[in-house]
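Note sheet for the following structure.
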Amino acid sequence: MVERHHPEISVKRQAELLDVNRTSIYYKPSEEADKDIELMHQIDEIYTRWPHYGYRRIRAVLRDMGYVVNKKRVLRLMRRMGIAGLCPGPNLSKRNHQNHTYPYLLRGVKAERPDHIWGIDITYIRMKGSFMYLVAIIDWYSRYIVSWELSQTLERSFVMRALKKALAVRKPEIINSDQGSHFTCSEYIELLKRNGIQISMDGKGRATDNAITERFFRNLKWEKIYYEEYRKPREVYRAVRTYIDEYNFERPHQAINHQKPADLYFGQLKLAETTLVTM
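In terms of numbering that gives the first Met the number 0, the sequence shown is residues 0 to 278.
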């Protein structure tokens with residue numbers, strides 16, 4: 000949440016950085032809103048463990064955990080979280096008719112070099128009594144996190160910031176995403192076209208098409224996010240930055256023959272000290 004008495008950053012600037020409408024800063028959540036957040040945290044853990052679960056199976060797990068919840072509420076919360084399981088079901092996100100989808104180009108295709116294929120996706124990051132959203136761009140060949148951003152809303156701007164930062168220094172041949180509204184809107188599509196990048200999108204309801212990015216999110220949550228109760232956005236920024244820097248520069252990965260992502264991504268280039276994100 001926004002910190003009203005932050006010693007260095009004004010409320011206005013915090014609202015701008017976090018994509019928060021200032022009129023909502025003084026809103027105190029009701030008991031029902033608190034219950035929604037509790038359920039969203041549980042849905043996040045269920046979906047992280049079983050990304051192939053649709054809303055029916057997620058609801059069944061919640062009921063087994065003792066939560067009395069109907070399918071409409073599960074669907075509403077999943078929509079708010081920006082997720083949808085693999086199983087066919089109701090359309091969780093009604094797209095603007097001007098938004099565009101593209102075919103999945105990567106079936107049977109293997110990333111052969113840095114910047115051959117990037118994946119971009121959004122995930123829910125829980126906090127104590129609140130939550131944020133993380134967008135990350137990952138190079139499929141090296142597993143390097145090229146760029147990332149956090150936001151307290153699902154507004155389009157934080158996705159565009161992450162993408163523009165990445166494209167300012169590197170450019171992929173192909174970028175893959177799901178068919179969410181952030182990745183089918185004209186602003187996103189036109190930016191990729193201007194840069195000559197091929198657009199690939201997961202088949203509808205197929206999170207496994209972007210499995211590399213999903214695996215990174217799962218590891219981040221189980222290794223970092225779920226072990227702490229973050230109360231302030233800056234705590235989340237610090238935790239995510241620390242994890243990504245360690246992931247990129249210090250941790251050997253089995254999937255890339257126990258090399259570090261940054262070593263493989265940059266090759267003989269001098270390694271940067273941090274990824275492309277600003278606080």
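Here a beta-carbon is modelled for each residue, glycine too, at the ideal position from N, C-alpha and C.
Proximity of the segment 115–133 to the segment 170–183 meets the contact definition, three or more beta-carbon pairs being nearer than 8 Å. One Cα belongs to leucine 104, the other to leucine 190, and the distance between them is close to 19 Å. Per DSSP, the beta bridge partners of glutamine 258 are His252.
In this structure, methionine 131 sits near serine 150, with a CB-CB distance shorter than 8 Å.
Residue pairing from DSSP places glutamate 148 in a beta bridge opposite Val134. Here the alpha carbons of valine 67 and isoleucine 57 stand approximately 12 Å from one another.
In the DSSP assignment, asparagine 247 is bridged to no other residue.
Taking the Cβ atoms as the reference, glycine 179 lies roughly 24 Å from glycine 107, outside the contact range of under 8 Å.
With 16 or more other Cβ atoms from the protein chains shown falling within 10 Å of its own Cβ, histidine 181 counts as buried. Close CB contacts of threonine 47 within its chain, under the 8 Å cut and outside five residues either way in sequence, are with Phe216, Arg217, Lys220, Trp221 (chain order). The alpha-carbon of tryptophan 49 is positioned some 33 Å away from that of phenylalanine 265. Nearest C-alpha to methionine 39 among His51, Gly53, Ile124, Gly65: Ile124. Under the three-state reduction of DSSP output, glutamine 178 falls in the coil class, being neither helix nor strand.
In its chain, beyond the 5 residues on either side, Leu133, Phe216 have a beta carbon closer than 6 Å to the beta carbon of threonine 122. The criterion of a C-beta distance shorter than 8 Å is not satisfied by isoleucine 45 and glycine 128.
In the structure shown, the three-state DSSP call for aspartate 63 is helix. Residues of the same chain with a CB within less than 7 Å of the CB of glutamate 148, apart from the 5 flanking positions on each side, are Val134, Phe157, Arg160, Ala161, Val276 in chain order. Within its own chain, the residues whose Cβ lies closer than 6 Å to the Cβ of threonine 212, once the five positions on either side in sequence are excluded, are Gly118, Asp120, Ile137, listed in chain order. Threonine 183 and glycine 202 have their C-alpha atoms roughly 13 Å apart. Around the Cβ of arginine 55, a 10 Å sphere holds fewer than 16 other Cβ atoms; the residue is exposed. For histidine 51 and alanine 210, the gap between their C-alpha atoms comes out near 11 Å. In this chain, the alpha helix (DSSP H) harbouring aspartate 35 covers 30–48. A straight line joining the alpha-carbon of lysine 231 with that of methionine 126 spans about 8 Å. In the three-state reduction of the DSSP assignment, threonine 100 falls in the coil class, being assigned neither a helical nor a strand state.
Here the C-alpha atom of glutamate 111 lies approximately 6 Å from the C-alpha atom of tyrosine 140.
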